[in-house]
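Just so we're aligned, residue 111 is where the sequence shown starts under the numbering used here, counting upward by one. Ideal Cβ placement from N, Cα and C applies to all residues, glycine included. Note that the structure is predicted; figures quoted are calculated from it, not measured.
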Amino acid sequence: KSNQKSSLGFSIFANSITLTPGTITVIAKNSTKEIDVHAITQETAKNLQTGKMDTMVSWLMRNK
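Okay, structure coming up:
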């Protein structure tokens, strides 16, 4: 689940997941801020769960 407050921030976050090697955003539900992700490895999945990318997009969007 994403912490993004805007639709644009949520879209940027979902797209950044797809741009990360080994991952793809399968379903992005803007109404609930939930994203279903397919990751090739468990390590890649764990890296997403840290929330670092979500935090970076929040900083970019200035909605900390």
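Open item on the list: Considering Cα atoms alone, identify which of S121, L170 and K162 is closest to S141.
Closed with: S121
- [ ] Tell me whether S168 is buried or exposed, calling it buried when 16 or more other Cβ atoms sit within 10 Å of its Cβ.
- [x] buried
Task: Boundaries of the alpha helix (DSSP H) in which I122 is found, first to last residue - done: S117 to L129
Task: Best match in A124, Q159 and T165 for proximity to V136 [C-alpha to C-alpha] - done: A124
- [ ] Run the CB neighbour count on D146, radius 10 Å, all protein chains shown included, and call it buried at 16 or more, exposed below.
- [x] exposed
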